[in-house]
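Note sheet for the following structure.
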Amino acid sequence: MDEISETATSANPSSQDYREFLMEVLLAIAHSNGDPKVVYPLLQANLDKLDHNFIHILQAWASAKFSEAEPETAEGIARNIGNFSNLIKNFTLGNKANNVEIAMAGYEQLLTVFTRESNREIWAVIQTNLGNAYYQRIRNHRAENIELAIEAYQRALSVYTKTDFPIEWAITQNNLGTAYRDRIRHDRAQNLEKAIEAYELALSVRTKKDFPEDWAKTQNNLGNAYSQKIRGDKQENLNKAIAAYQLALSVRTPEANPINCLTTSRSLGNLHFTQGNWQKAIDAYEQGKTAVELMRSWAINDQRRQEIKAEAIEVYQKLAQAYINIGPI
């Protein structure tokens with residue numbers, strides 16, 4: 032097993048370096064209320080310390096602090112660690128696999144302070160965040176990670192009810208649906224049925240009127256699930272997928288949200304393309320193309336403009352092919 036060196040070198044920070052960095056990060060979070068503009072530059076300057084050694088330091092330090100501190104002090108420390116875990120889970124620089132592992136270690140430590148009995152609401156928040164981290168996890172086996180995500184979401188739902196916590200309940204149902212949709216273990220057909228059920232439950236709260244962006248996100252997810260659905264009539268499933276994508280695009284317009292518009296319009300276009308509905312495929316791809324061109328017009332340099340187009344090259348290729356297939360009008 033690798034051990035943490037007690038003596039710093041140019042390549043290997045010492046355990047003291049790790050502890051000082053941890054203190055610096057937690058203080059920055061406490062003073063800035065977890066502002067990413069304050070915390071992320073600090074993380075960026077210490078990418079060499081965001082590794083498995085840091086996880087051990089975090090676990091040992093938090094465990095010691097929680098065991099010796101008064102409950103109120105322990106909760107304050109735990110909240111800062113929770114904010115740190117949320118931030119590093121979404122940190123795009125450094126080693127993404129390490130970032131997620133660090134976040135998970137932080138969440139696990141929080142559960143020693145916030146139990147279901149002592150503070151069920153915060154416990155449920157932690158379970159949801161832990162589920163998200165397991166879903167994003169790169170290490171370990173993907174199948175096992177998804178199972179752990181599902182278990183965490185289900186634990187959160189033991190607290191979150193539609194009556195008492197409608198927004199949190201809907202968020203967790205949406206996340207649970209995605210985990211079931213991507214589930215590797217057990218019966219694929221049944222997993223997709225559970226995914227659809229969870230998405231539809233989420234939509235009972237996530238209405239277009241009250242939560243348009245969230246509603247569109249879940250409609251898009253529902254479209255993905257129906258497009259993969261195994262049980263029932265295949266064409267009926269595809270029609271439901273198309274309807275869900277179209278609903279999502281009523282909010283995800285090129286002007287309002289070009290990134291998500293591209294995602295949904297590409298999925299819709301691909302469905303029509305595979306069925307040979309060339310004009311409908313063209314209409315969807317054209318909407319995606321408009322979104323791409325808007326993003327390119329907003330890009331700060333030519334390199335980024337080329338990257339955006341390259342990321343959406345499938346839309347341009349299939350749009351051209353659909354025009355060829357439809358023939359002269």
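For the sequence shown, the numbering used here assigns the number 32 to the initial residue and increments by one for each residue that follows.
Beta carbons are placed, not taken as given, at the ideal position from N, Cα and C, and that holds for glycine.
This structure is a prediction, so every number in the text was calculated from the model and none was measured.
Check your understanding: With 16 other CB atoms within 10 Å as the buried threshold, where does Met54 fall?
Key -> Position 23 of the sequence shown, counted from the start, is the residue given in the question as residue 54. Met54 comes out exposed.
Review point. Short check: CB of Ala233 to CB of Gly254, under 8 Å?
Key: For the purposes of this step, residue 233 is taken as residue 202 along the sequence shown, with counting starting at 1. For the purposes of this step, residue 254 is taken as residue 223 along the sequence shown, with counting starting at 1. No, they are not a contact pair.
Point to revise | Cβ-Cβ separation, Lys193 to Tyr211 (assumed contact under 8 Å), whole Å | key: Locating residue 211 in the sequence shown gives position 180, counting from the first residue. Locating residue 193 in the sequence shown gives position 162, counting from the first residue. At roughly 18 Å, the Cβ-Cβ gap does not stay under 8 Å, so Tyr211 and Lys193 are not in contact.
Point to revise | Given Ser116 as reference, the closest of Gly137, Asn356, Leu280, Ala256 once Cα atoms are compared | key: What you label residue 116 is simply residue 85 of the sequence shown in a count that begins at 1. Nearest of Gly137, Asn356, Leu280, Ala256 to Ser116, Cα basis: Gly137.
Review point. Hey, how far is the Cα of Lys320 from the Cα of Asp48?
Key: Against the sequence shown, residue 320 aligns to sequence position 289. Against the sequence shown, residue 48 aligns to sequence position 17. One C-alpha to the other measures close to 49 Å.
Check your understanding: Does the pairing of the segment 150 to 163 with the segment 202 to 209 give three or more beta-carbon distances under 8 Å?
Key -> With a cut-off of 8 Å, the segment 202 to 209 and the segment 150 to 163 count as touching, because enough Cβ pairs lie within range.
Check your understanding: Smallest Cα separation from Gln167: which of Tyr347, Pro359, Arg186, Met135?
Key -> Counting from 1 along the sequence shown, the entry for residue 167 is found at position 136. Ranked by Cα distance from Gln167, the options Tyr347, Pro359, Arg186, Met135 are led by Met135.
**Study point:** For Lys311, three-class secondary structure by DSSP
**Key:** As a position in the sequence shown, residue 311 is number 280, starting the count at 1. Per DSSP, reduced to three states, the secondary structure at Lys311 is helical.
**Study point:** Alpha-carbon to alpha-carbon, Leu81 and Ala39
**Key:** As a position in the sequence shown, residue 39 is number 8, starting the count at 1. As a position in the sequence shown, residue 81 is number 50, starting the count at 1. Low confidence applies here, because Ala39 scores a pLDDT of 39, under 50, leaving its location unreliable; read the following figure in that light. About 15 Å.
Point to revise | Of the listed residues Ile108, Arg297, Val236, Ala100, nearest to Pro197 (C-alpha basis) | key: In the sequence shown, counting from the first residue as 1, residue 197 sits at position 166. Of the candidates Ile108, Arg297, Val236, Ala100, the one whose C-alpha sits nearest the C-alpha of Pro197 is Val236.
Point to revise | Within 8 Å, strictly: CB atoms of Asn291 and Arg297 | key: Here residue 291 is taken as the residue at index 260 of the sequence shown, counted from 1. Here residue 297 is taken as the residue at index 266 of the sequence shown, counted from 1. Not closer than 8 Å, so no.
Practice item. Could you check what DSSP says for Ser149 in three-state terms: helix, strand or coil? Key: As a position in the sequence shown, residue 149 is number 118, starting the count at 1. Ser149 falls in the coil class under three-state DSSP.
Review point. Glu175 by DSSP, collapsed to three states: which one?
Key: Position 144 of the sequence shown, counted from the start, is the residue given in the question as residue 175. In this structure, Glu175 counts as helix in the three-state DSSP scheme.
Review point. His289 to Glu106, Cα distance in whole Å?
Key: In the sequence shown, the residue the question calls residue 289 occupies position 258. In the sequence shown, the residue the question calls residue 106 occupies position 75. Reading off the sequence shown, one finds Pro at residue 289, where the question assumed His. Cα to Cα, Pro289 sits roughly 41 Å from Glu106.
Practice item. Return the CA-CA distance between Ala341 and Arg151, expressed in angstroms with no decimal places. Key: As a first step, residue 341 must be located in the sequence shown, where it is residue number 310. As a first step, residue 151 must be located in the sequence shown, where it is residue number 120. One C-alpha to the other measures close to 46 Å.
Exercise for review: Please state whether DSSP places Ala39 in a helix, a strand or coil.
Suggested key: Within the sequence shown, the letter at position 8 stands for residue 39. Because the pLDDT at Ala39 is just 39, under 50, the model does not fix this residue reliably, and the value given afterwards should be weighed accordingly. The answer is coil: DSSP assigns Ala39 none of H, G, I, E or B.
Check your understanding: Is the Cβ-Cβ distance between Ala109 and Phe145 less than 8 Å?
Key -> By 1-based counting over the sequence shown, the position of residue 109 is 78. By 1-based counting over the sequence shown, the position of residue 145 is 114. Yes.
Practice item. Throw me the rounded Cβ distance for the Gly65 and Leu118 pair, which I believe falls under 8 Å. Key: Within the sequence shown, residue 65 is the residue found at index 34, counting from 1. Within the sequence shown, residue 118 is the residue found at index 87, counting from 1. Yes, Gly65 and Leu118 are in contact; Cβ-Cβ is about 6 Å, under 8 Å.
Review point. What did DSSP end up calling Asp245 once you bin it into helix, strand or coil?
Key: As a working mapping, residue 245 is identified with position 214 in the sequence shown. Secondary structure of Asp245 (DSSP, three-state): helix.
Practice item. Tell me where the alpha helix (DSSP H) around Glu51 begins and ends. Key: Here residue 51 is taken as the residue at index 20 of the sequence shown, counted from 1. Start and end: 46 to 63.
Review point. Going by other Cβ atoms of all chains shown within 10 Å of its Cβ, with 16 needed for buried, is Ala91 buried or exposed?
Key: The sequence position of residue 91 within the sequence shown is 60, counting from 1. Exposed: under 16 other Cβ atoms inside 10 Å.
Review point. With respect to the alpha helix (DSSP H) encompassing Pro102, which residues constitute its N-terminal and C-terminal limits?
Key: In the sequence shown, the residue the question calls residue 102 occupies position 71. Note, Pro102: alpha helix (DSSP H), 102 to 120.
Point to revise | Complete runs of the beta strand (DSSP E) confined to the segment 199 to 243 [at least 3 residues] | key: none
Point to revise | Asp245 versus Tyr191 - alpha carbon distance | key: Working through the sequence shown from its first residue, we reach residue 245 at position 214. Working through the sequence shown from its first residue, we reach residue 191 at position 160. So the two alpha carbons sit approximately 18 Å from each other.
**Study point:** Chain-order list of residues whose beta-carbon lies under 8 Å from that of Arg173 (same chain, five-residue window excluded)
**Key:** Counting from one through the sequence shown, the residue named residue 173 turns up at place 142. Taking Arg173 as the centre and dropping the five residues before and after it, the same chain places the C-beta of Ile215 closer than 8 Å to its C-beta, in chain order.
Exercise for review: Could you work out which residue in Glu175, Ile181, Asp218, Ala155 is closest to Glu199 when comparing CA atoms only?
Suggested key: One-based indexing of the sequence shown puts residue 199 at position 168. Glu199 has its Cα closest to that of Ala155, out of Glu175, Ile181, Asp218, Ala155.
Review point. Nearest to Glu51 by alpha carbon, out of Pro285, Ala187, Leu89?
Key: Walking along the sequence shown from the start, residue 51 turns up at place 20. Checking every option, the nearest Cα to that of Glu51 belongs to Leu89.
Review point. By DSSP, does Val282 sit in helix, in strand, or in coil?
Key: Residue 282 sits at position 251 when you count from the first residue of the sequence shown. In the structure shown, the three-state DSSP call for Val282 is coil.
Check your understanding: What is the rounded straight-line gap between the Cα of Lys68 and the Cα of Phe122?
Key -> Position 37 of the sequence shown, counted from the start, is the residue given in the question as residue 68. Position 91 of the sequence shown, counted from the start, is the residue given in the question as residue 122. Rounded to whole angstroms, Lys68 to Phe122 spans 12 Å at the Cα level.
Review point. Apart from the five residues just before and just after Ile86, which ones in its own chain have a Cβ nearer than 7 Å to its Cβ?
Key: Here residue 86 corresponds to residue number 55 of the sequence shown, with the count starting at 1. Glu132, Ile133, Ala136.
Practice item. With distances taken Cα to Cα, identify the nearest neighbour of Ala322 among Tyr354, Ser45, Thr294. Key: Numbered from 1 along the sequence shown, position 291 holds the residue referred to as residue 322. Considering only alpha carbons, the answer is Thr294.
Practice item. Just the C-alpha distance for Ser36 and Ile153, rounded to the nearest angstrom, thanks. Key: Taking the first residue of the sequence shown as 1, we reach residue 36 at position 5. Taking the first residue of the sequence shown as 1, we reach residue 153 at position 122. Note on Ser36: pLDDT 32, under 50, position unreliable in the model; the coordinate value appears next. About 36 Å.
Check your understanding: Since Ser298 is in the alpha helix (DSSP H), which residue starts that stretch and which ends it?
Key -> Taking the sequence shown and counting its residues from 1, one reaches residue 298 at position 267. Counting along the chain, the alpha helix (DSSP H) containing Ser298 begins and ends at 289 to 305.
Practice item. Sort Lys260, Pro243, Ile313, Asn84 by Cα distance to Asn43 and report the nearest one. Key: Here residue 43 refers to the residue found at position 12 when the sequence shown is read from its first residue. Of the candidates Lys260, Pro243, Ile313, Asn84, the one whose C-alpha sits nearest the C-alpha of Asn43 is Asn84.
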